[in-house]
Structure formats: structure tokens, C-alpha cells
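Visitor: When you line the sequence shown up against mature numbering (1 follows the signal peptide of the UniProt record, and there is no 0), it's residues -21 to -1, 1 to 412, in that order.
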Amino acid sequence: MDGFIKVAAAVLTLTMLSACAVIPFQKEADVKEHEDDEVYEVKMRDDYTDLAKKMFYDLTFMCKQLEGRQYGLYDCISKKEFYALQQVVADKLNDLSEVDYYFELRRIIASIGVAHTTLNLNYTGTFPFQMLPYSLHYYHDGWILNGIDGEYADYLGAEIVALNGVEMADVKAKAKELISYENESWLNEQIPSLLVNADALVNMGILEDNKALTLTVKKDDEVSEITLHSETGPLLVGRLETVQLPKAATYRQPKFYTGFMLADQTYYVQYNSCEEISNYSMSQFASDVEKTMNEQHCKKLILDLRYNTGGNSLVIEPLLMMINRYRQDNDLKLITLIAEQTYSSGIMNAVQLKYNYDSVLIGTPTGGNVNGYGETDQFYLNYFPYFVIYCQEYFEMVPGYELDSLYPDIDVEVNYKDLMQGIDRCVEIALQE
């Protein structure tokens, strides 16, 4: 098989925040291309307030640390552009609140273009943001309202077409400046957490203040407007009325892994997190799967990684060993389901299954990338309660793979309307294969 690699032999143990990887690989040609020996300086204003002076120190400290620590810092942005962004922020520090400052630093981090390199909160006191009581998710048929205060529950399932009169395509264009991502799948997965933050919407220029938001929604061809008022502190998901999906067996389950006979001679495994269940090891689970598959003379195994955002990439090994054993005496078609939440160690396992186990991939492009930046570490700012997670290496799982995501062999449009009818298109197609 072209590009066949023995991924399993060199698997690294990874956390959810570290990139899955096999071959450390320095892109020498790219590094040379981005070399810039010019010395740039971020200029400090003479009239800074005491708060602005602290902001300036942490701004320049953060960026200098990234220059020394972040692998491939200038792969996606030039050194000149990186310093220009710093200067833009430095020039307006006197006018920034601490909340404004946080989002300006996020914008700089996002410009690096590495999904694992992020600015994070380290708050121990009062949550700093004004939040809005709704939630949303992206499907092929649009941005869907899937959670809201009870008084607006009739609008659940409506398509959100605008925020404060700004169409969702323009909202997305503004939001992407604050999000670390490497492909559209991960961008769409991260946007919802930003759009429920009223302070973020102010920074994006969608709200004039952080007090209220008007949602324009469309349901059953009828367009309506909903006004939501923000509140201090994180919203508890359990407080909102949420969309209740039909209880289809292959929709997301709460366990790390589970399995059952899905159809005649077809076994289904949902693997949601690269972690072991404390009282049910992966070895025992794999043994139970093998026993049932032998009893039922299975000819197809569907491994569902659509909700797997990572963990320890080695946890799956007993299941992979079982597949090898089973194939010694049986013909077995292996199908792996992937989606935007397939990330980090989850995507590594998907790559293993495709290249080492000849699995067919069905679903949508993954949020994680096949080749990318990883081996994360972190550092803390001095005056503000933020820390930066950054990447120390570039890894290749598949040499020469240049796409921005792991793309399925069979692409499936995932629609909200299908889900509400209990239809799992990915599984339906897998059963037909």
C-alpha cells in the first residue's frame, strides 16, 4: 500500500492537549523560507497607566516566549506581521479593560495558525465574562439553536441566521480571528463557545455592549427575533432547555467505549475517549467484543471515532490486537467513522486504522490534522491570570500528506433534520458498504 507506515510501533502516549505523532519531522525548507533576520521592536508609549504598563510587559513577554519556544512560529505568519500585531495592541493598551486585553492576546495567538497553541484562563476567583443563555452547533444545514432559556424553548432546533443583524458567514469571519485552528472542521467546532460570550462579541464588533444579544432565527420558514440578556459567570448547561435527540443507539453515548451487534454479522464499537474505564479495562472489553464476533460470525466491524477528542493513544491497542487475531481466521471488513471532534489521539487512532488495518473511513473531515504540531508545554504570564499552551515539535504520521485534515474515503453530509428523525447517515452508509 502506498505510504504504508507502521504507526502502532511508534505510538506516543499523549494527553488530550498534545498532538498525536509518530515521526518528528522538521520542515527544513519551510523554516529557511520563513527566516527573517530583521530586528523588530514593539514601542512603548510614554503615557501608559500603571495597568497598561503591566499589559505591555505581559504582551511582550508572551511573544518573546513564543519566539523561543513555539515550533514553526512563522510558518503561517511572517515575523514582520507578528510584530505589527503586537504594536497594534500596544498602541491601545490605555483604552483596554482586562477583558479586552484577554481577547487581544487571543487574536495574536490565533494568528500563529496552530490548533494546539492557545491562550487559556487561570482564574481562581470570579469568572470574568458576561455570558449569554443559549447554545448552538454547526451542521451541514446551518447553525442550529440547540439550547436556550425555557421561555424560548419553542425556538429550539431553529437555524440561527444572524447575531445582532450580522449574518452568520460574517460572524464566522470575525470569530476565526480569535480561534486557534488548522482546518474548517475544528473552527466550526470551536466557534460556539465563543459566540455565547458577550464580551467576545463586543471584541468582534457584533455587540456595542455586553448586555444583550438579538438572535435572528428561522424555523418552519418563519423568521423571528429573540433578545437574550447576558449575566456574569459561566452558564450551567443543565440550566438551559436543550434539544432532545431521539435515542438512537449510535448517537453519542456517555461511556468511553461501548459495543453491540448493530446488524446481522456486523458489530459496532463507539470509542469516545482514549481512556480506560476504571472497572472495565480495554483488554476485557476487546475480549468481550471478540467473543461476540466469533459467536455471531461477524464479517464487518464499525469503529466509531466521531466523538473522540483524544487522551492516551495506546489505550486502543488491545482492540487492535483483537482485530489482528480475528482476521487470522475470518474475513473482516473494517470501517472507521470520523468527524470534526476526531482530534489529537483520536485522529492518530483513525490514521492507524486506515493505514495499518486497511479501514474504510466514512464521515466528515476531522478536526485534528494528520501531520502537525504537538508535544505541548505551557508558560504563565506574570501580571495576568493567563497561560499559553504551545507546541515544541512538528510530527508526521503520514510522510508527504499535505491536506489540512484527515478526509474520509466516503464523505457524508450530516444534517440536523436527519438527526432529529433518528437517522444516522454515517452508520447507514457503513452498513451498506
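By construction, the Cβ of each residue, glycine as well, lies at the ideal position given by its N, Cα and C atoms. In this text, all values refer to a predicted model and were calculated from it rather than measured experimentally.
Looking at the structure shown, is Glu210 part of a helix, part of a strand, or coil, going by DSSP?
Guide: Residue mapping note: residue 210 aligns to position 231 of the sequence shown, counting from 1. Correct three-state label for Glu210: strand.
Visitor: Can the beta-carbon of Thr211 be found less than 7 angstroms from the beta-carbon of Glu204?
Guide: Residue 211 sits at position 232 when you count from the first residue of the sequence shown. Residue 204 sits at position 225 when you count from the first residue of the sequence shown. Their beta carbons are not under 7 angstroms apart, which means Thr211 does not touch Glu204 by this criterion.
Visitor: Are the segment 177 to 186 and the segment 100 to 109 in contact at 8 angstroms, needing three or more beta carbon pairs?
Guide: The segment 177 to 186, when compared against the segment 100 to 109, does touch it at the 8 angstroms Cβ threshold.
Visitor: Looking at the structure shown, is Phe358 part of a helix, part of a strand, or coil, going by DSSP?
Guide: Here residue 358 is taken as the residue at index 379 of the sequence shown, counted from 1. Note: Phe358 maps to strand in three-state DSSP.
Visitor: Tell me whether the beta-carbon of Ser159 lies closer than 7 angstroms to the beta-carbon of Ser384.
Guide: Looking up residue 159 in the sequence shown gives position 180. Looking up residue 384 in the sequence shown gives position 405. It is not a contact, given that the beta carbons lie outside the stated cut-off.
Visitor: Closest by CA to Leu280, which one among Gln263, Ala69 and Val406?
Guide: Counting from 1 along the sequence shown, the entry for residue 280 is found at position 301. Checking every option, the nearest Cα to that of Leu280 belongs to Val406.
Visitor: Under 7 angstroms, do Lys33 and Tyr362 count as touching if we go by C-beta distance?
Guide: Here residue 33 refers to the residue found at position 54 when the sequence shown is read from its first residue. Here residue 362 refers to the residue found at position 383 when the sequence shown is read from its first residue. Result yes, Cβ atoms of Lys33 and Tyr362 sit closer than 7 angstroms.
Visitor: Identify the continuous beta strand (DSSP E) that holds Val150 and give its terminal residues.
Guide: For the purposes of this step, residue 150 is taken as the residue at position 171 of the sequence shown. Note, Val150: premise wrong, no beta strand (DSSP E); alpha helix (DSSP H) at Met147 to Ala154.
Visitor: Spatial neighbours of Met399 within its chain, please: CB distance less than 6 angstroms, with the 5 preceding and 5 following residues excluded, ordered by chain position.
Guide: Counted from its first residue, the sequence shown places residue 399 at position 420. Cβ neighbours of Met399 beyond the five flanking positions: none.
Visitor: Any chance you could list the beta strand (DSSP E) runs of at least 3 consecutive residues sitting entirely within the segment 300 to 379, in chain order?
Guide: Fully enclosed beta strand (DSSP E) runs of 3 or longer: 312 to 317, 339 to 342, 351 to 359 and 365 to 375.
Visitor: Which value, in whole angstroms, describes the spacing of the CA atoms of Pro344 and Thr97?
Guide: Looking up residue 344 in the sequence shown gives position 365. Looking up residue 97 in the sequence shown gives position 118. One C-alpha to the other measures close to 22 angstroms.
Visitor: Where does Val1 land, buried or exposed, given buried means 16+ other C-beta within 10 angstroms?
Guide: What you label residue 1 is simply residue 22 of the sequence shown in a count that begins at 1. Any reading at Val1 needs caution, since the residue's pLDDT is 41, under 50, leaving its predicted position unreliable; the model's value is listed next. With 16 or more Cβ atoms within 10 Å of its Cβ, Val1 is classed as buried.
Visitor: What number of angstroms, rounded off, separates the C-alpha of Lys278 from the C-alpha of Leu382?
Guide: Indexing the sequence shown from 1 puts residue 278 at position 299. Indexing the sequence shown from 1 puts residue 382 at position 403. If I take the Cα positions, the gap works out to 32 angstroms.
Visitor: From the DSSP output, in three-state form, read off Lys11 for me.
Guide: For the purposes of this step, residue 11 is identified with residue 32 of the sequence shown, where counting begins at 1. Note that Lys11 scores a pLDDT of 40, beneath 50, so its modelled location is shaky and nothing firm can be said.
Visitor: Taking 8 angstroms as the threshold, find out whether the segment 40 to 57 comes into contact with the segment 145 to 153 through three or more Cβ pairs.
Guide: No: the two stretches stay apart, fewer than three of their Cβ pairs being nearer than 8 angstroms.
Visitor: Give a yes or no on whether the C-beta atoms belonging to Gly401 and Pro233 are separated by under 7 angstroms.
Guide: Walking along the sequence shown from the start, residue 401 turns up at place 422. Walking along the sequence shown from the start, residue 233 turns up at place 254. Cβ atoms of Gly401 and Pro233: not closer than 7 angstroms.
Visitor: Could you give the first and the last residue of the continuous alpha helix (DSSP H) run that contains Glu138?
Guide: Locating residue 138 in the sequence shown gives position 159, counting from the first residue. Where Glu138 is concerned, there is no enclosing alpha helix (DSSP H), although the beta strand (DSSP E) it sits in stretches over Glu138 to Leu142.
Visitor: Does Ser209 pass the burial test, meaning 16 or more other C-beta atoms within 10 Å, or should it be called exposed?
Guide: Sequence index remark: in the sequence shown, residue 209 carries index 230 (1-based). The residue in question, Ser209, is buried, as its Cβ has 16 or more Cβ neighbours within 10 Å.
Visitor: If you reduce the DSSP assignment to three classes, tell me which class Asp388 lands in.
Guide: On the sequence shown, position 409 is the one that residue 388 refers to. Coil, per DSSP.
Visitor: Would you kindly work out how many angstroms separate the C-alpha atoms of Gln411 and Arg404, rounded to a whole number?
Guide: Translated into the one-based positions of the sequence shown, residue 411 becomes position 432. Translated into the one-based positions of the sequence shown, residue 404 becomes position 425. Whole-angstrom Cα-Cα distance: 11 angstroms.
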